[in-house]
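Here the structure is laid out as structure tokens; the discussion comes afterwards.
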Amino acid sequence: MTLKDLLIDRFQVTALDLEKASTYQERYGGRLEDILVNLGCLTEEDLTVLYHHLFGYMLFEPDNYPNWEPPKEVGFDVHISLRELQCILLDIRDNIWIIACKDPLDSELSEYLNTRHISPEVLLATDSQLQKFYFEIQSKNELLDESEELSGAEEARLRELASEAPTVNLLNSLITKALIRGASDMHLEPFMGKFRVRFRVDGVLQDAERLALKMQLPITTRLKILSGMDIAEKRRPQDGKIEMRIANQDVDIRVSALPLNEGESIVLRFLRKESIRHDMSVLGLSADTQRLIYEDLKKTTGVILLTGPTGSGKTTTLYTFLNELNSDDVKIITLEDPVEYQMEGVNQVQVNSDIGFNFAAGLRSIVRQDPDIIMVGEIRDKETAQIALQSALTGHLVFSTVHTNDAASAYTRLLDLGVEEFLLNAALVSIVAQRLARKLCTKCSIEIESPDDLMSKYPLREIADKSGVNNICLKRPVGCEYCNHTGYKGRIAINEYLRCDDVIKSMPKDDQFIQKVQAHTASLRRRSLLEDGFYKVINGITTIDEVIRVAG
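Position 321 (the sequence shown) corresponds to 1064 in the numbering used here; numbering is contiguous.
This is the structure we're talking about:
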């Protein structure tokens, strides 16, 4: 099989991308597979498999070298030189060098070995597999001392470290692995003498790598350079943004750096443009809740609020509502901090507190733009709340979010901010509280054969009767390759819907308000957050443990 056939058949490289890479190769030279990696059509891991199939090299198994140390038969300078060539000397047997490398076709590596008359046994390895071996060598080599103030020479050396191939390849490998696992965030932080890497997948952090602590400085510096931060500043928090194409995906990455006692904590949030579907069908709203929300979206005035903690999917749900209303005959303006996803046909504005352009100032400007629909990313203060509510009374449909534990608490939160009760009663249409629970993996979850204990411990039968569910199906996680052995894959929204009707408006907003709202909601056969979670449990979508974790 030819290289091009292998690229198309096994690695799903499109004919268009192959044509682009071939055109570039004809003009500027280089290897086709390297060009495809730079275009984001192949990953570094793909190259290893590609060379294995093309040339028959054996694949490297790191587990075969659990306590590896650089062989002492050669000088340490040899190990440093090979490391710079992205190669590791694993062992020497009968004068044959056993080496692991990512690119056996590298001309510089071949020249290095030939000039020393070395016939190696080559094993193919990925960057991530080679990292711990790189670090073992690096730990024996003096790295730049971390001082609070950097001289010009030190800063230049720091930039050089961040640009070295092992650092660049390691970071690309970590980001690729995070995207393949479907992570929303990647956390890098010093922890117990290591540089710990964790991925947040479906809302839960998972350990990914434990790197040598000495790699913290070059990796952190590399991220600061890419995201436009100040590499010499380690004493205050910084934020930045990276736009890149990797693993065949266009990705916006928000980068946050926070000083710690032992270095800095770096968090990357991945915003994948192609993976987000702002579609009501994928939110996971229950049919009855979805019907009520559709009724609210038909209104032309009023305020619809989303409540919940950070990371509960409020912004995604708001985008979905806007997408339902987005058409040529309405003008939609959003005010966000930051603008995370671009929506075609929507005017999106990013606030900038550094110049005094906050939510309140932005909202005052927006209403003069004659919009039909306004979305305010978050209500944080009295001024923003009052302008948003007053905008609703002057002929606008307004969407926004507040941070509260349940729907009814949004009233008390806004009252605490100083908003007048009559304004709330006049403007609020509905409040939707939300959490995100992990969904059971559809490939490996199995039905619980004897669910009697769970049925007696939790009000599942009552929820089924209340919601009209005849067949209760309780399932449990198992774990497989598809879900990375977690038993869960993807997330679903758990919601509590509160219609701000005449009964709610007439209630005194006192200490008993929340309890009265809950009683009123129950009388209408609408579910609380916990009950909606249990509703998804009896339909075999998630588990009781998961619902209690996010809504209990």
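Built from N, CA and C at the ideal position, the CB exists for glycine as well.
Alpha-carbon to alpha-carbon, residue j and residue i
i	j	result
Gln997	Pro1194	First, the residue type needs correcting, since residue 997 is Arg and not Gln in the sequence shown. Taking the straight line joining both Cα atoms gives about 44 Å.
Lys1186	Gly1222	9 Å
Val1073	Leu1166	26 Å
Glu1121	Asp1080	8 Å
Phe934	Ser970	24 Å
Gly1051	Met929	22 Å
Ile839	Arg859	12 Å
Leu887	Ala1151	The predicted position of Leu887 is uncertain, since its pLDDT is 36 and thus under 50; no value can be drawn from it.
Val756	Thr786	11 Å
Tyr877	Arg1219	41 Å
Asp820	Pro814	12 Å
Arg1204	Ala1294	19 Å
Gln1112	Gly1105	11 Å
Ile1257	Leu1241	11 Å
Ser765	Leu775	7 Å
Asp794	Ile835	Checking the sequence shown, residue 794 turns out to be Tyr, not Asp. Between Tyr794 and Ile835, the C-alpha separation is close to 23 Å.
Ile1117	Leu1158	22 Å
Glu812	Ile880	8 Å
Thr1032	Cys1243	14 Å
Gly783	Ser1271	45 Å
Glu889	Ala905	Because the pLDDT at Glu889 is just 42, under 50, the model does not fix this residue reliably, and the value given afterwards should be weighed accordingly. Using only the alpha carbons, I get a separation of about 14 Å.
Ile1191	Asn1214	13 Å
Residues sharing a beta bridge with residue i, DSSP
i	result
Gln755	Partner(s): none; Gln755 has no beta bridge.
Asp995	Glu986, Leu1014
Cys844	Cys830, Leu867
Arg943	Asp928, Leu948
Phe938	Pro933, Leu954
Ala1176	Thr1050, Glu1239
Proximity to residue i [Cα-Cα], best of the options
i	options	result
Tyr1278	Asp1244, Lys1252, Tyr1201	Tyr1201
Gln992	Ile918, Asn1214, Leu1003, Arg979	Ile918
Val944	Met1023, Lys1125, His1228	His1228
Lys1125	Ile1109, Val1145, Ser1108	Val1145
Ser999	Arg1178, Ile968, Lys875	Ile968
Glu1005	Asp870, Leu956, Val1082, Ile962	Leu956
Val1246	His1263, Leu856, Lys815	His1263
Ser1008	Leu960, Glu776, Gln1033	Leu960
Leu852	Leu828, Ala843, Arg1123	Leu828
Asn1238	Ser1096, Ala1030, Ser1199, Asp973	Ala1030
Leu1217	Ala1180, Glu788, Asp1196, Ile1281	Ile1281
Ile985	Val994, Arg979, Arg1269, Ser850	Val994
Val1175	Glu1067, Leu825, Glu952, Thr1147	Thr1147
Cys1184	Ala1170, Gly1233, Asp1149	Gly1233
Leu797	Arg753, Glu1087, Lys763	Arg753
Ala1153	Gly1138, Gln1177, Ile1130, Ser1096	Gln1177
Gln981	Met987, Leu1001, Thr964	Leu1001
Arg871	Ala1131, Arg979, Glu804, Glu816	Looking at the sequence shown, residue 871 is not Arg but Ser. The option with the nearest alpha carbon to Ser871 is Glu804.
Beta carbon of residue i nearer than 8 Å to that of residue j
i	j	result
Val1260	Leu1273	no
Thr1058	Leu1140	no
Ile1284	Lys1182	yes
Lys1248	Asn1168	yes
Leu1014	Tyr1084	yes
Leu779	Leu867	no
Ile841	Leu833	yes
Val1162	Ala1128	yes
Val1092	Ile1076	yes
Leu1028	Ala1236	yes
Val1046	Ser1143	yes
Leu913	Gln949	no
Ala709	Ile861	The structure shown has nothing for residue 709, since the chain only spans 744 to 1295.
Leu750	Leu761	yes
Asn1069	Gly1099	no
Thr791	Thr869	yes
Thr1063	Leu1049	no
Boundaries of the alpha helix (DSSP H) in which residue i is found, first to last residue
i	result
Arg1292	1287-1294
Thr791	787-798
Phe1277	1272-1281
Asn1238	First-last for Asn1238: 1231-1242, but that is the beta strand (DSSP E), not the alpha helix (DSSP H).
Val1089	Val1089 -> no alpha helix (DSSP H), and no H or E assigned at all.
Glu1164	1164-1170
Arg1111	Arg1111 -> no alpha helix (DSSP H), and no H or E assigned at all.
Ser1143	Where Ser1143 is concerned, there is no enclosing alpha helix (DSSP H), although the beta strand (DSSP E) it sits in stretches over 1140-1145.
Thr963	959-970
Met1118	From DSSP, Met1118 is part of no alpha helix (DSSP H) but of the beta strand (DSSP E) over 1116-1119.
Limits of the unbroken beta strand (DSSP E) element including residue i
i	result
Ile861	No beta strand (DSSP E) contains Ile861, which DSSP labels as neither H nor E.
Leu745	Reading the sequence as shown, one finds Thr at residue 745 and not Leu. No beta strand (DSSP E) holds Thr745; DSSP gives it neither H nor E.
Val1212	Note, Val1212: premise wrong, no beta strand (DSSP E); not H, not E.
Leu1049	1045-1050
Thr1077	1075-1079
Min CB distance residue i to chain B below 8 Å
i	result
Arg953	The structure shown contains no chain B, having only a single protein chain.
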